[in-house]
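Peer 1:
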Amino acid sequence: PRSKRWPYNSGLNVPLILHIPEKYQDLASEDYQAGGESDRLVGFIDLPATLLSLVGMQPPSHMQGHAFLGKHEAAPVRYQYGFRGRMDERYDLVRSVRDQRYVYIRHYMPHRIYGQYIQYMFQTPTTRVWKQLYDEGKLEAPQTFFWEPKPVEELYDLEYDPDEVQNLAASPSHRTVLHRFREAHKNWVMETRDLGFLPEGEIHQRAGDRTPYEMGQSDQDYPLAQIFEMAQLAAQRDMETLPQLVEALGAEDSAVRYWGALGLLIRGKEAVVSQAEALGKALK
Numbered sequence: 148p149r150s151k152r153w154p155y156n157s158g159l160n161v162p163l164i165l166h167i168p169e170k171y172q173d174l175a176s177e178d179y180q181a182g183g184e185s186d187r188l189v190g191f192i193d194l195p196a197t198l199l200s201l202v203g204m205q206p207p208s209h210m211q212g213h214a215f216l217g218k219h220e221a222a223p224v225r226y227q228y229g230f231r232g233r234m235d236e237r238y239d240l241v242r243s244v245r246d247q248r249y250v251y252i253r254h255y256m257p258h259r260i261y262g263q264y265i266q267y268m269f270q271t272p273t274t275r276v277w278k279q280l281y282d283e284g285k286l287e288a289p290q291t292f293f294w295e296p297k298p299v300e301e302l303y304d305l306e307y308d309p310d311e312v313q314n315l316a317a318s319p320s321h322r323t324v325l326h327r328f329r330e331a332h333k334n335w336v337m338e339t340r341d342l343g344f345l346p347e348g349e350i351h352q353r354a355g356d357r358t359p360y361e362m363g364q365s366d367q368d369y370p371l372a373q374i375f376e377m378a379q380l381a382a383q384r385d386m387e388t389l390p391q392l393v394e395a396l397g398a399e400d401s402a403v404r405y406w407g408a409l410g411l412l413i414r415g416k417e418a419v420v421s422q423a424e425a426l427g428k429a430l431k
């Protein structure tokens, strides 16, 4: 918890230590200084582009990362992106975005708790004791957070709340920040053609003899805008959108039907039971 498999800054932030020999100082960035620090946001996806830049090669446009050293150093980016997906025998669908100050987390399966049973995780005595105390009602917030359904969105101010405890997603004074991160998240999903909005088996079924990446570039094979819109709607939990979810069960694309069905599940047993017939017809 709060490290491996955790989409917060605490789970994704890692130290990066650079040493550039005197002979190669011309390849350093402007903010490089021996013994100094840089607040530039970089990620693991930036390493391949940076390596190519260091040997004098222009990183190809299909690379998602940006060079932060070398001849083809790119301008610093405003955001870095993270995700949580399959974890051994369990899966989830979480995306995160952070800038210099805030981290935003978007859940698409909020009914799946952070503390899903993972056999490896429950080998640790602390996890078992923690779960036992929760079941016995002996914990207080935020200790219980790990074992309960997740909020749809989370927003944390890393400057004033480095432990990421106070969720600001519902804060009126942070509404502008929240909308900015929502837009950044959406833009990244569309730009990278994020395949996470397809069930695992369907990714390979749709790809056939192609790679999943190749399949994902085709809007005919993967109508991402339509699927993503339904995924966002499905995760909201509000009952006012129930008619739209039911309508999605009759969609031509199976992934849209999937999110319609998942949206009913997220809203609880009553929603599922009320649409049992429509769910049966969606299995086509």
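Residues in the sequence shown are numbered from 148 upward in steps of one, following the working numbering.
Positions of the beta carbon are idealized from the N, C-alpha and C atoms, including for glycine.
(1) Using DSSP bridges, identify the partner residues of TYR267.
(2) Work out the CA separation of LYS218 and MET204 for me, nearest whole Å.
(3) When burial is assigned at 16 or more other CB atoms within 10 Å of the CB, is GLY363 buried or exposed?
(4) Could you work out which residue in PRO154, SER200 and ARG152 is closest to TYR171 when comparing CA atoms only?
(5) If you measure between the beta carbons of ASP304 and TYR228, is that distance less than 8 Å?
(6) Exposed or buried, which one is PHE344 when buried takes at least 16 other CB atoms within 10 Å?
(7) To which residues does DSSP link TYR155 through a beta bridge?
(8) Counting only the same chain and skipping the five closest in sequence on each side, list residues whose C-beta sits under 6 Å from that of GLU306.
(9) Specify the secondary structure class of ASP282 as computed by DSSP and reduced to three states.
(10) Between the alpha carbons of ILE167 and GLU177, how many angstroms are there, rounded?
(11) With distances taken from CA atoms, which of PRO346, ARG152, PRO206 and MET268 is nearest PHE375?
(12) Does the contact criterion of 3 or more C-beta pairs under 8 Å hold for the segment 221-238 versus the segment 271-278?
(13) Just checking, does the segment 249-260 make contact with the segment 391-401 on the three C-beta pairs under 8 Å criterion?
(14) When we look at the beta-carbon of PRO206 and count the other beta-carbons within 10 Å, is it buried (16 or more) or exposed?
(15) Less than 8 Å separating the beta-carbons of ALA395 and ARG404?
(16) For GLU184, which of helix, strand or coil comes out of DSSP?
(17) Looking at ARG237 and GLN270, is the spacing between their C-beta atoms short of 8 Å?
(18) To the nearest angstrom, how far is it from the Cα of ASP356 to the Cα of PRO370?
(19) Please classify SER243: does DSSP put it in a helix, a strand, or coil?
(20) Using only alpha-carbon positions, find the residue among TYR255, VAL202 and LEU188 that is nearest to SER222.
(21) Measure the C-alpha to C-alpha separation of GLY158 and ARG152 and round it to an integer number of angstroms.
(22) Suppose you measure from the CA of THR323 to the CA of LEU315; what does that come to, to the nearest Å?
(23) Assuming the contact rule is C-beta atoms closer than 8 Å, ALA196 and ALA214 should be a hit. Round their C-beta distance to whole Å, please.
(24) Within a Cβ cutoff of 7 Å, which residues of the same chain sit near LEU216, ignoring the five residues on either side of it in sequence?
(25) Under DSSP, the alpha helix (DSSP H) around PHE328 begins and ends at which residues?
Peer 2: Taking the coordinates as given:
(1) The residue labelled residue 267 in the question sits at position 120 within the sequence shown. Note: TYR267 sits in no beta bridge, so no partner.
(2) As a position in the sequence shown, residue 204 is number 57, starting the count at 1. As a position in the sequence shown, residue 218 is number 71, starting the count at 1. Taking the straight line joining both Cα atoms gives about 8 Å.
(3) One-based indexing of the sequence shown puts residue 363 at position 216. Its Cβ being crowded by 16 or more others within 10 Å, GLY363 is buried.
(4) For the purposes of this step, residue 171 is taken as the residue at position 24 of the sequence shown. When each option's Cα is compared against that of TYR171, the closest is SER200.
(5) To locate residue 304, count along the sequence shown from 1; it is residue 157. To locate residue 228, count along the sequence shown from 1; it is residue 81. No, they are not a contact pair.
(6) Residue mapping note: residue 344 aligns to position 197 of the sequence shown, counting from 1. So PHE344 ends up on the buried side.
(7) Here residue 155 corresponds to residue number 8 of the sequence shown, with the count starting at 1. For TYR155, which the question treats as bridged, DSSP gives no partner whatsoever.
(8) For the purposes of this step, residue 306 is taken as residue 159 along the sequence shown, with counting starting at 1. Excluding residues within five positions, the ones whose Cβ falls inside 6 Å are ARG248.
(9) Within the sequence shown, the letter at position 135 stands for residue 282. Three-state DSSP puts ASP282 in a helix.
(10) Locating residue 167 in the sequence shown gives position 20, counting from the first residue. Locating residue 177 in the sequence shown gives position 30, counting from the first residue. If I take the Cα positions, the gap works out to 13 Å.
(11) Translated into positions along the sequence shown, residue 375 becomes position 228. Here the closest residue by C-alpha is PRO346.
(12) no
(13) no
(14) Locating residue 206 in the sequence shown gives position 59, counting from the first residue. So PRO206 ends up on the buried side.
(15) In the sequence shown, residue 395 corresponds to position 248, counting from 1. In the sequence shown, residue 404 corresponds to position 257, counting from 1. It is a contact, given that the beta carbons lie within the stated cut-off.
(16) Locating residue 184 in the sequence shown gives position 37, where the first residue counts as 1. Note: GLU184 maps to coil in three-state DSSP.
(17) Locating residue 270 in the sequence shown gives position 123, where the first residue counts as 1. Locating residue 237 in the sequence shown gives position 90, where the first residue counts as 1. Against a cut-off of 8 Å, the Cβ pair of ARG237 and GLN270 comes out as no contact.
(18) Residue numbering aside, residue 356 sits at position 209 when the sequence shown is read from its first letter. Residue numbering aside, residue 370 sits at position 223 when the sequence shown is read from its first letter. Rounded to whole angstroms, ASP356 to PRO370 spans 19 Å at the Cα level.
(19) Within the sequence shown, residue 243 is the residue found at index 96, counting from 1. In this structure, SER243 counts as strand in the three-state DSSP scheme.
(20) Along the sequence shown, one-based indexing puts residue 222 at 75. The amino acid occupying residue 222 in the given sequence is Ala; Ser does not appear at that position. The candidate whose alpha carbon is nearest that of ALA222 is LEU188.
(21) As a position in the sequence shown, residue 158 is number 11, starting the count at 1. As a position in the sequence shown, residue 152 is number 5, starting the count at 1. Straight-line Cα distance between these residues: approximately 7 Å.
(22) Residue 323 sits at position 176 when you count from the first residue of the sequence shown. Residue 315 sits at position 168 when you count from the first residue of the sequence shown. THR323 and LEU315: Cα-Cα distance of roughly 11 Å.
(23) Walking along the sequence shown from the start, residue 196 turns up at place 49. Walking along the sequence shown from the start, residue 214 turns up at place 67. Correct: roughly 4 Å between the Cβ atoms.
(24) Residue numbering aside, residue 216 sits at position 69 when the sequence shown is read from its first letter. So the list reads LEU174, ALA175, SER176, THR197, SER200 and LEU201, once near-sequence residues are dropped.
(25) For the purposes of this step, residue 328 is identified with residue 181 of the sequence shown, where counting begins at 1. Taken as a continuous stretch (DSSP letters only), the alpha helix (DSSP H) holding PHE328 covers 322-339.
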